[in-house]
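Heads up, the sequence shown is in my numbering, so the first residue is 3 and it goes up one at a time.
A virtual CB, placed ideally from N, CA and C, is assigned to each residue, including glycine.
Please read all numbers here as calculations on a predicted model, not as lab measurements.
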Amino acid sequence: MTPTERRGRRPAAALAAAALCAVLAAGCGIRTTSVPVDAGPAPSRVPCAMPAEDITTQAQQGIPVQIYLVCASELVTVDRSAQVPETASDRLRIARALLDELRLEPPAAEERAGFSTHVPAALRIGGPVTGDPKGTLRLSEQPEDLPSEALAQIVCTYAESESLVPDGSVTLGGPGGYPPRAYLCTAETKASPEAVPTTDAAPLP
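Shown next as structure tokens:
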């Protein structure tokens, strides 16, 4: 065999050997690499966002309002349409209308998007009693006895209603003689609704 023939056969032999190694590796289940591949974050199964067509469908008769529901362990706003009086003076009716929306089980579109509510269906709200600070709202349960997420939903929904709470703090009490407290809705509350900060006892009128 001439030197030229030997040189011509070497590339062919190398290709054949490489092909054989690939077949053996696949047949024996040998992994070709152990280096992890970063394909980016996994797609979220809980979008926490309503498709535009679903928002349009929910916009029935009434006044547009925003309430806070729980999604992915956070508070997220949802657009609703409620029977709220247009006059900002009737605070109790506004508070009741918003609470009605919070108490409702989310409709199918919101449920598919991952939203839920922790506000008890039987919860009710009334006005202040004698000696309460101006603007106090009294719940049918002690605020501190509610699920923490439910209290956060109520406080943040009320706090961001300008016609209901002009100064950003929500003064809530319960059915008994305990003094009401002023609650705040903060960025931390929205991110982690397990804790709702207070300004201690509500100021006297």
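- Secondary structure of Val172 (DSSP, three-state): strand.
- For Ala97, the closest alpha carbon among the candidates Leu186, Leu141, Pro149 is that of Leu141.
- By the beta-carbon neighbour count (other beta carbons within 10 angstroms, threshold 16), Ile65 is exposed.
- Under the three-state reduction of DSSP output, Tyr180 falls in the coil class, being neither helix nor strand.
- In the same chain as Val121, and ignoring 5 residues on each side of it, the C-beta atoms closer than 6 Å to its own belong to Leu104, Arg105, Ala152, Gln155, in chain order.
- DSSP, read as helix, strand or coil, puts Val78 in strand.
- The Cβ atoms of Gly170 and Gln144 do not sit closer than 8 Å to each other.
- When Glu112, Arg82, Ala110, Pro109 are compared, the shortest CA-CA separation from Ala99 is found for Arg82.
- Of all alpha-carbon atoms in Ala115, Ala197, Gly128, the one lying nearest the alpha-carbon of Pro182 is that of Gly128.
- DSSP links Tyr70 through a beta bridge to Thr79.
- Arg105: member of the alpha helix (DSSP H) spanning 93–105, first to last residue.
- If you check the CB distance, Leu77 and Pro195 come in under 8 Å.
- A residue is called buried once 16 or more other Cβ atoms fall within 10 Å of its Cβ, and Ala123, having fewer, is exposed.
- Along the segment 103–147, the alpha helix (DSSP H) occurs as fully enclosed runs of 4 or more residues at 110–114, listed in sequence order.
- Bounds of the alpha helix (DSSP H) holding Gln155 are 150–161.
- Burial state of Gly133 is exposed, judged by a 10 Å Cβ sphere holding fewer than 16 other Cβ atoms.
- Here Leu186 has Ser171, Pro199 as same chain residues with Cβ atoms under 6 Å from its own Cβ, once five neighbours each way along the sequence are excluded.
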